[in-house]
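Note sheet for the following structure.
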């Protein structure tokens, strides 16, 4: 008896192992085929002049060409400008709203959260179509009507290279912040009440509580939103594609859009693959820097 | 007492402060949902060419002519909706099943290499979509020759890493004792999974089902790349085609946008709890 038990148990663990592999099998096949293989393949294609029947190896030519291209740098600059103008502002807006939601009853909070989340449910294409009309350059366009109240003359929002980037940024500011708000509120509710009570005893006012309790506590949440926000923003190009096509004069050509055009408008797959790897590298470096600078005392 | 001071000597002070806050929140809410309001209101306008008309933000009349105009645009408008439904439904079912299975295995079964494999999966989430886009397109279209098929639309998202992560995150809350006790009783892994784990994971499965369905319904670029005839397109691709073909027809365009968005609004309002919950489940300890 004493001897059979361990053997049996070992068998059972071994059996478990088999089930473990069986359970992840489908996921693993899908992952290998549609993520792992494409990533490896991207490296190979980036070194090739791709042709469906027989590509030729060109070494680092695609990378060299990209770095020599003015448009590539402009696209990186546009993406960086877009990210700097949207991500911090969006996080700040979500933070303010979350703070203001806090004093209300749970039901009121839920209603507001739902309202702020709602636009995220609509498809990007539908929203792009709607915003195109909000940005209508004619006198009758919604935004032109709005700014005329302040005595500002008509703008050719998406059609002029001086305002097109700003228009996309504005659209991002006014889009759904529901996800960030929900995450912030959850984090805010996680702060123990005793901290506030201690602060009250010391006679701290609202802003002191905000500065010394809330902001330090929300640091990990903010970092999470910042990193995911920047990663997301560097890949954004659907609005640029649908609303401006990257124009006018490439003022809104983001890296993502440039890669898309290289691949599926000009069928320069090698070029596109090379640029996508550069993009991946940039994203990795930025994420690393963010963790390094802001994440000292953040534990994951 | 919390962050906000609620001990005002004067009741009116509290009232004023809350009033100001509510006003700010409402203003911001109005700004966020304005595009959707504008879209729905305008979709009831007449299908006339813009230019002569001016848009108003108040409904002037209710007519369904623009919806008719949108559906008459192509004989395949209904197929777009049907295709979106089929793709989203299959993607949803497959994700719920396979991601739950894999998430459970990664969370509760000890097998060699599980930690490394999971780390690889997580790491892959950092890779921008652009990197896999071109090779994936070549794989599906040139190598497998699947252009314009449901398989091409569905296969790449049969089970996503994000969903596996979601499930694993959720399952870490299921106590190990339950699983060990069932094993003592001689419960095999599949039995354990179907009779004990699944009933305990209804929430995460519901969250995943909804988010996956929405994601799939709203996705644009992939269906746009792998379909080349109108009858195989999804509603998002169809809407884009409609826009490029009718750049001046304002109300019908809004009708199209409304049609593409309304199913998700209905889903959202009826299952709101899961939507909002889904956001936090995924974000905990990013």
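Residue numbers (the working numbering), protein chains in the order written: chain A, 195 to 494; chain B, 25 to 310. Just so you know, even glycine gets a beta-carbon here, dropped at the ideal spot from N, CA and C.
Query                                                                                                                                                                               : Result
Give, in chain order, every unbroken run of the alpha helix (DSSP H) that is at least 4 residues long and sits entirely within the stretch 235 to 275 of chain B.                   : 245 to 250 and 259 to 269
Taking residue 260 of chain B as the query, report the chain A residues whose CB atoms sit under 9 Å from its CB, ordered along the chain.                                          : 317, 318, 319 and 320
Check residue 186 of chain B in the structure and name its three-state DSSP category.                                                                                               : helix
For a contact defined as C-beta to C-beta under 7 Å, what are the partners of residue 115 of chain B on chain A?                                                                    : By Cβ distance, chain A contributes nothing, its closest Cβ being about 11 Å from residue 115 of chain B, past 7 Å.
Going by C-alpha distance, which of B:98, B:71 and B:94 is nearest residue 86 of chain B?                                                                                           : B:71
Look at the alpha carbon of residue 40 of chain B and the alpha carbon of residue 46 of chain B, and state the distance between them as a whole number of angstroms.                : 10 Å
In this structure, how does DSSP classify residue 209 of chain B when only helix, strand and coil are distinguished?                                                                : coil
What's the call for residue 299 of chain A, buried or exposed, on a 16-neighbour Cβ count within 10 Å?                                                                              : exposed
Would you report the Cα separation of residue 116 of chain B and residue 133 of chain B, rounded to the nearest angstrom?                                                           : 25 Å
What residue from A:218, A:484 and A:244 has the CA that sits closest to residue 458 of chain A's CA?                                                                               : A:244
Please compile the residues from chain B whose C-beta is within a distance smaller than 7 Å of the C-beta of residue 214 of chain A.                                                : 129, 133, 135 and 138
Along chain D, which residues have their Cβ under 9 Å away from the Cβ of residue 450 of chain A?                                                                                   : Checking the listed chains, one finds no chain D in this structure; the protein chains it contains are A and B.
Using beta carbons (cut-off 8 Å, strictly below), is residue 264 of chain B in contact with chain A?                                                                                : yes
At 8 Å on the CB atoms, spell out the chain A contacts of residue 163 of chain B, in chain order.                                                                                   : 227, 228, 231, 232 and 235
Since residue 257 of chain A is in the alpha helix (DSSP H), which residue starts that stretch and which ends it?                                                                   : 255 to 262
What residue range does the alpha helix (DSSP H) around residue 159 of chain B cover?                                                                                               : 153 to 161
Quick one: what's got a C-beta closer than 7 Å to residue 17 of chain B's C-beta in the same chain, skipping five residues either side?                                             : Here chain B has residues from 25 to 310 only, and residue 17 of chain B is not among them.
Helix, strand or coil: how does DSSP classify residue 462 of chain A here?                                                                                                          : coil
Within the chosen definition, does the stretch 207 to 217 of chain B reach the stretch 241 to 259 of chain B through at least 3 CB pairs nearer than 8 Å?                           : no
Please confirm whether residue 276 of chain B has its beta-carbon closer than 8 Å to some beta-carbon of chain A.                                                                   : no
Assign residue 198 of chain A to buried or exposed, taking buried as 16 or more other Cβ atoms, counted over all protein chains shown, within 10 Å of its Cβ.                       : Reliability of the predicted coordinates at residue 198 of chain A is poor, the pLDDT of 48 falling under 50, and the value obtained from them is presented with this limitation in mind. With fewer than 16 other Cβ atoms within 10 Å, it is exposed.
Inspect the beta-carbon positions of residue 162 of chain B and residue 463 of chain A and report whether they are closer than 8 Å.                                                 : yes
Under the three-state reduction of DSSP, which class applies to residue 124 of chain B: helix, strand or coil?                                                                      : helix
Given this structure, state the Cα-to-Cα distance separating residue 322 of chain A from residue 167 of chain B, to the nearest angstrom.                                           : 33 Å
Under the three-state reduction of DSSP, which class applies to residue 402 of chain A: helix, strand or coil?                                                                      : helix
Should residue 59 of chain B and residue 313 of chain A be called a contact, given that it needs their Cβ atoms to be closer than 8 Å?                                              : yes
Start and end of the alpha helix (DSSP H) containing residue 395 of chain A?                                                                                                        : 387 to 395
What would DSSP say about residue 373 of chain A, mapped onto helix, strand or coil?                                                                                                : helix
Less than 8 Å between the CB atoms is what I'm expecting for residue 348 of chain A and residue 333 of chain A, so what's the real figure, rounded?                                 : 6 Å
When the cut-off is 8 Å and only beta carbons count, does residue 220 of chain A lie next to chain B?                                                                               : yes
What does the alpha-carbon distance come out to for the pair residue 52 of chain B and residue 37 of chain B?                                                                       : 23 Å
Any C-beta of chain B sitting closer than 8 Å to the C-beta of residue 195 of chain A?                                                                                              : Because the pLDDT at residue 195 of chain A is just 41, under 50, the model does not fix this residue reliably, and the point stays unresolved.
In the DSSP assignment, find the unbroken alpha helix (DSSP H) run with residue 147 of chain A in it and report its ends.                                                           : Nothing about residue 147 of chain A can be read from this structure; chain A reaches only from 195 to 494.
Sort B:122, B:259 and B:205 by Cα distance to residue 287 of chain B and report the nearest one.                                                                                    : B:259
Consider the Cβ of residue 313 of chain A: report whether some Cβ of chain B lies at a distance smaller than 8 Å.                                                                   : yes
For residue 210 of chain A, which residues from the same chain have a beta carbon less than 8 Å from its beta carbon, with the 5 sequence-adjacent residues on both sides left out? : none
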